[in-house]
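2 protein chains.
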Amino acid sequence: MDPGRRPPRLGTPRRLVTPPTELSVHFEGLAHPTRLTIIERLASAAEVRVSELAEFCKVSQPRMSWHLRILRRSQVIRTRREGREVFCRLDREAITAHMRSFMRLMLAKGDGEPSPDLTASLLSGEAVQ
Amino acid sequence: MDPGRRPPRLGTPRRLVTPPTELSVHFEGLAHPTRLTIIERLASAAEVRVSELAEFCKVSQPRMSWHLRILRRSQVIRTRREGREVFCRLDREAITAHMRSFMRLMLAKGDGEPSPDLTASLLSGEAVQ
DNA sequence: ACTATGCATAACGTACCCTTTATCTAATTC
DNA sequence: GAATTAGATAAAGGGTACGTTATGCATAGT
Numbered sequence: 008m009d010p011g012r013r014p015p016r017l018g019t020p021r022r023l024v025t026p027p028t029e030l031s032v033h034f035e036g037l038a039h040p041t042r043l044t045i046i047e048r049l050a051s052a053a054e055v056r057v058s059e060l061a062e063f064c065k066v067s068q069p070r071m072s073w074h075l076r077i078l079r080r081s082q083v084i085r086t087r088r089e090g091r092e093v094f095c096r097l098d099r100e101a102i103t104a105h106m107r108s109f110m111r112l113m114l115a116k117g118d119g120e121p122s123p124d125l126t127a128s129l130l131s132g133e134a135v136q
Numbered sequence: 008m009d010p011g012r013r014p015p016r017l018g019t020p021r022r023l024v025t026p027p028t029e030l031s032v033h034f035e036g037l038a039h040p041t042r043l044t045i046i047e048r049l050a051s052a053a054e055v056r057v058s059e060l061a062e063f064c065k066v067s068q069p070r071m072s073w074h075l076r077i078l079r080r081s082q083v084i085r086t087r088r089e090g091r092e093v094f095c096r097l098d099r100e101a102i103t104a105h106m107r108s109f110m111r112l113m114l115a116k117g118d119g120e121p122s123p124d125l126t127a128s129l130l131s132g133e134a135v136q
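As they're listed, the protein sequences go chains D and E.
Heads up, the first sequence is in the working numbering, so the first residue is 8 and it goes up one at a time.
Heads up, the second sequence is in the working numbering, so the first residue is 8 and it goes up one at a time.
The structure is reproduced here in structure tokens:
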């Protein structure tokens, strides 16, 4: 039979369940293919204009502006205004700092020694992929 | 004939506007504070049970299951079933591979050599943060 | 002053993220 | 076989990420 039908759901009662951290925000900036393309473009030049990035990534100019805002918030890029043009460049120092922060978090050991494998392979170019 | 006609809003065309890449999916896995907490917990032990992770992160069991699914898809963790328990561990090799992939992308130069600064400071523990 | 340009923002719409509670499945235990 | 336990999945819903076009605003050029 089917004695008791269950009551309807109520959904999530509250908001803001898990506050973002600086590191999670940084990774949010990296977690989109278009933004990775932006980074790739910025890696091959010191500074790139916004409209050039939009054309390179094949997205509209407002969309690019929005992506750049996220990348700025994530501390992935820095922007500089010159007249009516805005130039973007990678914030390599901040990126490095966050990567090191993540590495430290991932390699943290309770009592054992830190595994040198990861660090070594990260640089030695061990065949992965 | 209808000179000032404004085209109707269509919103997002359809699915697949920007297909995710393997690297962007990997960063998606890292782009959440709870999942970073999971990684932090997994870093201090070889293997951790799902329910223990849920308790540690103070989230419900279904939500933990969902986060673990994302982490598995992102190639951040691997899971192993033993009876009715599931043990999780970090996939350090995959994480390392993706980090190296990102470093390569970020350090790519048109013709110059890769700057050793970043790589060096990443390991030497230069004061950042 | 007027026009053109480069970027930002607003308005709009769809899909997905993220969370909950309830239910389901599989394995262990009695 | 029945009860218990560990995870996974379903259902529901609020919030937001992400894409578009239209508009605004400041600067450069004429």
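We put the beta carbon where it would ideally sit given N, CA and C, even for glycine.
query                                                                                                                       : result
Residue burial classification, Ser131 (chain D) (beta-carbon count within 10 angstroms, cutoff 16)                          : With a pLDDT of only 49 at Ser131 (chain D), under the threshold of 50, the placement of this residue in the model should not be trusted; the figure read from the coordinates follows. Ser131 (chain D) should be labelled exposed.
Whole runs of the alpha helix (DSSP H) within the segment 39 to 124 of chain E, excluding any shorter than 4 residues       : 40 to 50, 57 to 64, 68 to 80 and 99 to 114
Chain-ordered neighbours of Phe94 (chain E) on chain D, where CB pairs are closer than 7 Å                                  : By Cβ distance, chain D contributes nothing, its closest Cβ being about 17 Å from Phe94 (chain E), past 7 Å.
Closest by C-alpha distance to Cys95 (chain E), when choosing among E:His39, E:Met106 and E:Leu49                           : E:Leu49
Residues from the segment 45 to 70 of chain D in contact with chain E, defined by Cβ distance under 7 Å                     : Ile46, Glu47, Ala50 and Ser51
Other residues of its chain near Ala104 (chain D): CB distance less than 8 Å, five sequence neighbours each side excluded   : none
From E:His39, E:Leu112 and E:Glu100, residue whose alpha carbon lies closest to that of Leu114 (chain D)                    : E:Glu100
Sufficient close CB pairs (3 or more, under 8 Å) joining the segment 61 to 70 of chain E to the segment 81 to 97 of chain E : no
Test: Pro26 (chain E) CB closer than 8 Å to a CB of chain D                                                                 : yes
Ser31 (chain D) versus Lys65 (chain D): straight-line alpha-carbon distance, rounded                                        : 27 Å
Cross-chain neighbours of His74 (chain D) in chain E, by beta carbon under 9 Å                                              : The contacting residues do not exist; His74 (chain D) stays about 10 Å from chain E at best.
Glu54 (chain D) versus D:Arg107, D:Arg88, D:Arg42 and D:Leu112, residue with shortest Cα-Cα distance                        : D:Arg88
Proximal residues to Pro26 (chain E) (C-beta, below 8 Å), its chain only, five neighbours per side dropped                  : none
8 Å CB neighbourhood of Gly90 (chain D) in its chain, flanking five on each side removed                                    : none
For Thr41 (chain E) and His74 (chain E), believed in contact at Cβ under 8 Å, the rounded distance                          : 6 Å
Chain E within 8 Å of Thr86 (chain D), Cβ atoms only                                                                        : no
Pairwise C-alpha distance: Ile77 (chain E) and Leu37 (chain E)                                                              : 10 Å
Cβ-based contacts, 7 Å cut-off: residues of the segment 33 to 45 of chain E near chain D                                    : Phe34, Glu35, Leu37, Ala38, His39, Pro40, Thr41 and Leu43
Proximal chain D residues relative to Leu114 (chain E), where beta-carbon distance stays under 7 Å                          : Ala50
Length of the line joining the Cα atoms of Phe109 (chain E) and Ser58 (chain E)                                             : 32 Å
Top-ranked residue by Cα proximity to His33 (chain E), from E:Ile102, E:Ile46, E:Arg107 and E:Arg111                        : E:Ile102
Minimum Cβ-Cβ distance from Leu78 (chain E) to chain D less than 8 Å                                                        : no
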